[in-house]
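K.L.:
This is the structure I want to talk about, given as structure tokens.
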Amino acid sequence: MKDTMLRNSDVATMMRKVRGTLSRARRERDDGVLFIELESLDRFGLDALRRDARLVVDLPSGSGRPVIGPVIVFSKRVFRRLVRWYVKPIALQQSGVNERLLDVDARVAGVAARAEAGVTDLLIRLEELEHEVDRLSSEAPRRAQQSRPDSDESSALDLSVQRLLAYSGFEDRHRGSQEVVRPLLATYLKYFEDSKAVVDLGSGRGEFVSVLEEAGIHGYGVDSDESQVATARAAGRDVRLEDAVEHLHGLGVGEVDGVFSSQVAEHLTTNELMTTIDLVRRKLAPGGVFVMETPNPEALFIFSTFFYVDLTHIKPIHPEALRWAFEACGFDDVQIVRTQKVPDSARLQAIPAELRGEPGWDVVGHNLDMLNDLIYGYQHYAVVGRKPEAGSR
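Written as structure tokens, this is what we have:
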């Protein structure tokens, strides 16, 4: 719907611009700006120039006076003969100039005629364009109405997305119940044994918060999913409805000395991931620990089982890439901890011991071991890093 509104706005803007152009063109046409009036060329006296282009030097001599007329005629003829050598070349030169001016006049008249014909054609096309704009303007509301999605369908779509993102039910089905998940997360408790305040970013149903509570460590969680937070609070866990990055921004430096995040990194873009890691390092107390767990792409098994089942996963992150991100953001003592190896029952079966010594079977057994490590390795891993102690850098 937003895209449709933008398109309609663009059409309206275009229509206003076209109408403005047409209006200016009409005003110029009415003012005579677009026309070249051929008759206006006569203001230069070209008609007289055409008539008198050739200068006549030998004009007839005469006088109407009865007594002294012959004397006057004789005097004119004598004077003309005296100055003819000087005047005639000038007259011939001026005649040439006049003829060239007439030639230019003919050329200008031809150009003006073609220009006027072209302008007339443009005005006809301008009128046609105006009619087309009017037609499109009248059809625009109807087309916009046709392209607008039905409000009921839009509401149904929004509701389906909300149901997809209601993550609590999804985790129950695909990640496992809280009873299954809690022991898996408890393996990370050892990194927080000396912590006094721990925050679990993206805590979900609050399993790790409960692990901390049972160990006597003060901890709480933050999550942006209402269904997850509701489930956690129903179990009596301190989980707050808040975006993780916004929560980190609101923390004072040193307010927490431990940060945990499980199954969150794969939901983030690269920029969001780096922003989160850097914020954690800045807000942690000196010597504080950050543990970030995510699915392990070193085990190809995860892609055919659970990774792509979750539509909110963006991309897997290689352990070495996440290690580098921690180090780039300033963490010390960064290490990779791989967990949850695929059970033997799901791995390729080993070569029976009695065949190991037979020719060729040792190679087959070695290849099976390599395939098991590549496909059925550790399903998850965590990167663990510590903020440098004050004054250590």
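In this text, residue positions in the sequence shown follow the UniProt record's numbering: the first is 1, and each later residue adds one. All C-beta atoms, glycine included, are put in the ideal place defined by N, C-alpha and C.
#1: With a threshold of 6 angstroms on Cβ separation, who are the neighbours of D332 within its own chain once the five nearest residues in sequence on each side are excluded?
#2: On a Cα-Cα basis, can you pick out the residue from Q340, W361, C329, A390 that is closest to Y381?
#3: Given that a residue counts as buried once 16 or more other Cβ atoms are within 10 Å of its Cβ, and exposed if not, what is S304?
#4: Let me know the secondary structure DSSP gives L268 once reduced to three states.
#5: Below 8 angstroms between beta carbons: does that hold for S227 and R182?
#6: Below 8 angstroms on the Cβ atoms is my contact criterion, and I expect A265 with T294 to pass it. Report the Cβ-Cβ distance as a whole number of Å.
#7: Give every residue of the same chain whose Cβ lies closer than 7 angstroms to the Cβ of D243, excluding the five residues on either side of it in the sequence, and list them in chain order.
#8: Return the first residue and the last residue of the alpha helix (DSSP H) that G293 is part of.
#9: Taking DSSP as the reference, what is the three-state secondary structure of D257?
#10: Just the Cα atoms here: how many angstroms apart are H247 and G330?
#11: Please list, in chain order, all residues of the same chain as A346 whose beta carbon is under 8 angstroms from its beta carbon, the five residues on each side excluded.
#12: Any idea what DSSP makes of G377, helix, strand or coil?
#13: Evaluate the contact criterion for the region 190–197 versus the region 210–219: three or more CB pairs, one atom per stretch, below 8 angstroms.
#14: Strictly by DSSP, which residues pair up with Q335?
#15: Could you tell me which uninterrupted beta strand (DSSP E) segments, each at least 3 residues in length, are contained entirely in the region 172–248, listed from first to last along the chain?
#16: Whole angstroms is fine: what's the gap from H267's alpha carbon to K315's?
#17: Please report the residue range of the alpha helix (DSSP H) in which S304 lies.
#18: Over the uninterrupted alpha helix (DSSP H) stretch that includes P319, give me the two end residues.
#19: I need the straight-line Cα distance from E272 to L126, nearest angstrom please.
#20: S262 bridges to which residues according to DSSP?
#21: Just checking my contact of Q379 with A299 at CB under 8 angstroms: how many whole Å lie between their CB atoms?
#22: Closest to A235 by CA distance: which of E207, R356, S261 is it?
#23: Using a threshold of 8 angstroms, state whether the C-beta atoms of F326 and V337 are closer than that.
#24: Tell me K341's beta-bridge partners as DSSP assigns them.
#25: In this structure, how does DSSP classify D310 when only helix, strand and coil are distinguished?
#26: Thinking C-beta only, is V280 closer than 8 angstroms to residue 403?
#27: May I ask you to report which of helix, strand or coil DSSP gives E116?
#28: Count the other C-beta atoms from every protein chain shown that fall within 10 angstroms of the C-beta of T276, then say buried if there are 16 or more, exposed otherwise.
#29: What would DSSP say about R347, mapped onto helix, strand or coil?
#30: Hey, how far is the Cα of D238 from the Cα of A232?
#31: Does the distance from the C-beta atom of V383 to that of L322 stay below 8 angstroms?
#32: Leaving out five residues before and five after D278 in sequence, what residues of the same chain have Cβ atoms less than 7 angstroms from its Cβ?
#33: Below 7 angstroms CB to CB, which residues in the same chain sit around F307 once its five sequence neighbours on both sides are set aside?
#34: Helix, strand or coil: which one does DSSP assign to G110?
P.N.:
On the basis of the data shown:
#1: R386, P388
#2: Q340
#3: exposed
#4: coil
#5: no
#6: 4 angstroms
#7: S224
#8: Note that residue 293 is Glu in the sequence shown, not Gly. Looking at the DSSP string, E293 is not in any alpha helix (DSSP H); the run it does join, the beta strand (DSSP E), is 284–295.
#9: strand
#10: 20 angstroms
#11: F301, Y376
#12: coil
#13: yes
#14: V384
#15: 198–201, 219–223, 239–241
#16: 7 angstroms
#17: 301–305
#18: 319–328
#19: 53 angstroms
#20: E293
#21: 6 angstroms
#22: E207
#23: no
#24: Y378
#25: coil
#26: With the chain represented from 1 up to 393, any question about residue 403 goes unanswered, as that position is not in the structure.
#27: helix
#28: buried
#29: coil
#30: 8 angstroms
#31: yes
#32: C329
#33: P295, H313, P316
#34: helix
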